[in-house]
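Q:
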Amino acid sequence: MSQSSKQSSVAPVSEMSTHWINPLEITLEEVVGHGSYGVVRRGLWRGHEVAIKEIKRNDKEAFETELKQLSRVSTHPNIISLFGAVRDKETVSLVMEFAKGGSLYKVLHSEPPVLYSLSEAISWVHQCASGVAYLHSMRPKAMIHRDLKSQNLLLVNGRAVKICDFGTACDIRTIMTNNKGSSRWMAPEVFEGKKYTEKCDVYSWVIILWEVLARRIPFDWLENVDLVILLAAHRGKRPPLLHNCPQVIENIMTKCWSKDPAVRPSMAEVVGLIGMVAQEINDANV
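Throughout, my numbering is defined as the position within the sequence shown, counted from one, plus 24.
The structure is reproduced here in structure tokens:
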């Protein structure tokens, strides 16, 4: 792959078509992320800084899933933009918007700590909720992300939140029984192998809310073993409620992480609830 001399504006692809990019137009730079799928590199394409997610060719299913799902939704302001895909000898790659701020997880748990305000924290989770609500509202096939966690929320300029990693996303009408997702953020019904709905994303979202406010890794008091964490959530264990937490936020937490998915609000309702919290904080800061 090498850099093209072309300079032009780029726009996210739509569900109707995949933009296949010539590998010679891409200049690969340093690795910025790793995963079971392969690596993410920073790169240049037509004069633009991009993220290039390289996926091993033997993981064709994950590539096709992410390409299909991200093509449907990447025009939303809180979902990472997909510009196209690249075929190479050993890999297939997604060419996406590059988020210089890195992941929300990195901001929350880096050393030395990054300073942020309550207003910024609530804005991040509000933006995340907006993006997820958009996924759930998709028609004719709504979408569940299934792997919401702070590592999959990217920050642009420290402010805009972008949801990424759609390799486990699926249509709501699909019968879902596979244990997809990461243990600390995974809803109990997913671990239990039951049929589940978009409410599993609501559970994952509220664990992120707790993580942002507590500035702790969820379930960090447990042994770092997936089964131990999953069994704790299955048995009703949740992160501790926060000292001096406003009652409205506490109510959101306890409803959203209820073991019964029917008790959890919809993501659209969450957007409204956390939006009111954001407005109250902004009014208090005026």
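Quick reminder that beta carbons are idealized off the backbone N, C-alpha and C, glycines included.
Would residue 149 and residue 169 qualify as a contact pair, given that the criterion is a beta-carbon distance under 8 angstroms?
A: Taking the sequence shown and counting its residues from 1, one reaches residue 149 at position 125. Taking the sequence shown and counting its residues from 1, one reaches residue 169 at position 145. No, the Cβ-Cβ distance between residue 149 and residue 169 is not below 8 angstroms.
Q: Would you decide whether residue 98 is buried or exposed? Buried here means 16 or more other CB atoms lie within 10 Å of its CB.
A: The residue given as residue 98 occupies position 74 in the sequence shown. Buried: at least 16 other Cβ atoms inside 10 Å.
Q: Taking residue 291 and residue 226 to be in contact with their CB atoms under 8 angstroms, please state how far apart those CB atoms are, rounded to whole angstroms.
A: As a first step, residue 291 must be located in the sequence shown, where it is residue number 267. As a first step, residue 226 must be located in the sequence shown, where it is residue number 202. Rounded, the Cβ-Cβ distance is 6 angstroms, consistent with contact.
Q: DSSP three-state call for residue 206: helix, strand or coil?
A: To locate residue 206, count along the sequence shown from 1; it is residue 182. Of the three classes helix, strand and coil, the one that applies to residue 206 here is coil, per DSSP.
Q: Report the residue ranges of all alpha helix (DSSP H) runs contained in full by the stretch 34-112; include only those spanning at least 4 residues, in chain order.
A: 84-97
Q: State yes or no: is the C-beta of residue 125 within less than 8 angstroms of the C-beta of residue 180?
A: Here the question's residue 125 lines up with position 101 in the sequence shown. Here the question's residue 180 lines up with position 156 in the sequence shown. A contact, by the Cβ cut-off of 8 angstroms.
Q: Report the rounded CA-to-CA distance for residue 21 versus residue 56, giving the unit in angstroms.
A: Residue 21 lies beyond the residue range present for the chain, which begins at 25 and ends at 310; the question has no answer from this structure.
Q: What's the gap between the Cα of residue 311 and the Cα of residue 270?
A: Residue 311 is absent from the structure shown; the chain starts at 25 and stops at 310.
Q: Provide the residue(s) that pair with residue 162 in DSSP beta bridges, ordered along the chain.
A: Taking the sequence shown and counting its residues from 1, the one referred to as residue 162 is at position 138. According to DSSP, which records beta bridges pairwise, residue 162 is partnered with nothing at all.
Q: Could you give the DSSP three-state label for residue 216: helix, strand or coil?
A: Position 192 of the sequence shown, counting from 1, holds the residue named residue 216. Note: residue 216 maps to coil in three-state DSSP.
Q: Once the 5 residues before and after residue 54 are set aside, which same chain residues still bring their CB inside 8 angstroms of it?
A: Working through the sequence shown from its first residue, we reach residue 54 at position 30. Same-chain partners within the cutoff: 65 and 66.
Q: Checking the sheet assignment: what are the DSSP bridge partners for residue 121?
A: For the purposes of this step, residue 121 is identified with residue 97 of the sequence shown, where counting begins at 1. The partner list for residue 121 (beta bridge, DSSP) reads 74.
Q: DSSP has residue 115 in a bridge; who is on the other side?
A: The residue you call residue 115 lines up with position 91 of the sequence shown. 80.
Q: According to DSSP, residue 184 sits in a beta bridge with which residue or residues?
A: In the sequence shown, the residue the question calls residue 184 occupies position 160. DSSP, once it has assigned bridges, lists 180 as partnering residue 184.
Q: In angstroms, rounded to a whole number, what distance separates the CA positions of residue 160 and residue 195?
A: Start at 1 with the first residue of the sequence shown, and residue 160 comes out as number 136. Start at 1 with the first residue of the sequence shown, and residue 195 comes out as number 171. In this model, residue 160 and residue 195 are separated by some 9 angstroms (Cα to Cα).
Q: With a 10 Å radius around its C-beta and 16 neighbouring C-beta atoms as the bar for buried, classify residue 219 as buried or exposed.
A: Position 195 of the sequence shown, counted from the start, is the residue given in the question as residue 219. By the neighbour-count rule (16 or more Cβ atoms within 10 Å), residue 219 is not buried but exposed.
Q: Taking only the alpha-carbon atoms, compute the straight-line gap between residue 164 and residue 245 and give it to the nearest angstrom.
A: Numbered from its first residue, the sequence shown carries residue 164 at position 140. Numbered from its first residue, the sequence shown carries residue 245 at position 221. Near 42 angstroms, if we compare the C-alpha coordinates of residue 245 and residue 164.
Q: Could you tell me if residue 229 is buried or exposed, where buried requires 16 or more neighbouring beta carbons within 10 angstroms of its beta carbon?
A: On the sequence shown, residue 229 is found 205 positions in, with the first residue counted as 1. It counts as buried.
Q: Near residue 273, what residues of its chain come up, given a Cβ to Cβ distance below 7 angstroms and the 5 sequence neighbours on each side ignored?
A: In the sequence shown, the residue the question calls residue 273 occupies position 249. Taken in chain order, the residues that qualify are 301.
Q: Is it true that the stretch 80-87 meets the stretch 182-189, where meeting means three or more beta-carbon pairs spaced less than 8 angstroms apart?
A: no
Q: Evaluate residue 135 with the Cβ neighbour count: other Cβ atoms within 10 Å of its Cβ, from every protein chain shown; 16 or more gives buried, anything less gives exposed.
A: Along the sequence shown, one-based indexing puts residue 135 at 111. That one is exposed.
Q: Mind checking whether residue 115 and residue 78 have CB atoms under 8 angstroms apart?
A: Reading the sequence shown from its first residue, position 91 is the one you call residue 115. Reading the sequence shown from its first residue, position 54 is the one you call residue 78. Yes, the pair counts as a contact, with Cβ atoms nearer than the cut-off.
Q: Would you kindly work out how many angstroms separate the C-alpha atoms of residue 16 and residue 171, rounded to a whole number?
A: The structure shown has nothing for residue 16, since the chain only spans 25 to 310.
Q: Starting from residue 227, trace the alpha helix (DSSP H) in both directions and tell me its first and last residue.
A: Locating residue 227 in the sequence shown gives position 203, counting from the first residue. 223-238 is the span of the alpha helix (DSSP H), which, as asked, contains residue 227.
Q: Please name the residue or residues paired with residue 194 in a DSSP beta bridge.
A: Translated into the one-based positions of the sequence shown, residue 194 becomes position 170. BP columns for residue 194 point to 168.
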